[in-house]
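Asks: Here it is, the structure in full.
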Amino acid sequence: MTEAMTDSTTVSVDRLLDLLAKGDLEVQGLLPWSSNYTFLVLASDDQLTIPAVYKPCAGERPLWDFSAASLCRREVAAYLLSERLGWPAVPPVVLREGPHGLGSVQFFVNGDHDAHFFRLRESGRFDEALQQICLFDTVVNNADRKAGHCLLGRDGQVWAIDHGLTLHAEPKLRTVIWEYAGRTIPGGWLADLVALEKELRPDRPLWEALSQLLTGREIRALESRLEQLIRSGRFPQRGPGRSVPYPLV
1 MTEAMTDSTT VSVDRLLDLL AKGDLEVQGL LPWSSNYTFL VLASDDQLTI
51 PAVYKPCAGE RPLWDFSAAS LCRREVAAYL LSERLGWPAV PPVVLREGPH
101 GLGSVQFFVN GDHDAHFFRL RESGRFDEAL QQICLFDTVV NNADRKAGHC
151 LLGRDGQVWA IDHGLTLHAE PKLRTVIWEY AGRTIPGGWL ADLVALEKEL
201 RPDRPLWEAL SQLLTGREIR ALESRLEQLI RSGRFPQRGP GRSVPYPLV
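Residues in the sequence shown are numbered consecutively from 1, following my numbering.
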């Protein structure tokens, strides 16, 4: 992804990332229905103001299986992987200090929140984007792909959002998207996975960036998932145990 739509104009991803990382943050209020403290903020400089979602590490609800204050880092790590793959569309996000301490600050997508995965699937117009999200979730070991985490933007783009519960070292894939289980991965996407695998080496910038966000064990698990996907060449099948999130939307 090279650009994104704000309410009034198209802005390059590099410009968005710079503004998210360096702009002044003004809290507008808490976003409803979030499991953790999640704030709508405005990120601005002298030329541009954009809405963003700020998730401070200190506001994360303790979980038994994810280490404390790590979800904001996982948001950023998942974004870096999506950018290297070239899919799916994940809103630009950075890790920075904010009004309530260190946290992730992510571009806010103005979307139709009623157009979640189940309705997108029924329309039949977004199959490629949904397949990409499904495959990406396997790469990042997404434990929480609810239907509402597939968002149709006002720009017509399907966005994948909410990646705090990803990249655990243990298998935790829970998703509502199982329609493609067992299908052959398209050749172009398989080539993207191979290219990503080559970037996960200690002498590569991506590996260095991920090592600041994840543990060594989590990076090794990512490498193992990629290797298995490439070897099988197929979308994953449901395994034993819980395989869908709660609630579904």
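Where a beta carbon is used, it is the ideal one built from N, C-alpha and C, also for glycine.
With DSSP as the reference, label Asp203 as helix, strand or coil.
Replies: Reading the sequence shown from its first residue, position 203 is the one you call residue 203. DSSP places Asp203 in coil when its eight states are reduced to three.
Asks: Let's test the definition: count the other Cβ atoms within 10 Å of the Cβ of Ala195 and tell me whether it reaches 16, buried, or not, exposed.
Replies: Translated into the one-based positions of the sequence shown, residue 195 becomes position 195. Exposed, because fewer than 16 other Cβ atoms sit within 10 Å of the Cβ of Ala195.
Asks: What would DSSP say about Gln106, mapped onto helix, strand or coil?
Replies: Start at 1 with the first residue of the sequence shown, and residue 106 comes out as number 106. Note: Gln106 maps to strand in three-state DSSP.
Asks: Report the three-state DSSP secondary structure of Ala69 (helix, strand or coil).
Replies: Along the sequence shown, read from residue 1 onward, the residue named residue 69 stands at position 69. Three-state result, Ala69: coil.
Asks: So, for Ile133: in the same chain, excluding its five sequence neighbours on each side, which residues have a beta-carbon less than 7 Å away from its beta-carbon?
Replies: Numbered from 1 along the sequence shown, position 133 holds the residue referred to as residue 133. Pro88, Cys150, Ala160, Ile177.
Asks: Have a look at the DSSP bridge pairing and note the partners of Asp24.
Replies: Taking the first residue of the sequence shown as position 1, residue 24 is located at position 24. DSSP lists Ser44 as partners of Asp24.
Asks: Which word fits Leu248, buried or exposed, when buried means at least 16 other C-beta atoms lie within 10 angstroms of its C-beta?
Replies: Looking up residue 248 in the sequence shown gives position 248. Leu248 should be labelled exposed.
Asks: According to DSSP, Tyr246 sits in a beta bridge with which residue or residues?
Replies: Position 246 of the sequence shown, counted from the start, is the residue given in the question as residue 246. Answer is none; Tyr246 lacks a bridge partner.
Asks: Would you call the CB atoms of Lys146 and Pro245 closer than 7 Å?
Replies: Taking the sequence shown and counting its residues from 1, the one referred to as residue 146 is at position 146. Taking the sequence shown and counting its residues from 1, the one referred to as residue 245 is at position 245. Yes; because the gap between Cβ atoms is below 7 Å, this pair is in contact.
Asks: When the Cα atoms are used, what is the spatial distance from Val90 to Tyr79?
Replies: Within the sequence shown, the letter at position 90 stands for residue 90. Within the sequence shown, the letter at position 79 stands for residue 79. Each residue's alpha carbon lies about 6 Å from the other.
Asks: Starting from Ser12 and walking both ways along the alpha helix (DSSP H), at which residues does that stretch end?
Replies: The count along the sequence shown starts at 1 and reaches residue 12 at position 12. Careful: Ser12 lies outside any alpha helix (DSSP H), inside the beta strand (DSSP E) at 10-12.
Asks: Take Arg119 as the anchor and find which of Gly148, Gln237, Pro32, Leu48 has the nearest alpha-carbon.
Replies: Here residue 119 refers to the residue found at position 119 of the sequence shown. Comparing Cα positions, the closest option is Gly148.
Asks: Examine the Cβ distances between the region 64-78 and the region 163-172 and report whether three or more of them are shorter than 8 Å.
Replies: Short answer: they touch.
Asks: Which of the three DSSP states is assigned to Thr138 in this structure?
Replies: Counting from 1 along the sequence shown, the entry for residue 138 is found at position 138. Looking at Thr138 - three-state DSSP - the assignment turns out to be helix.
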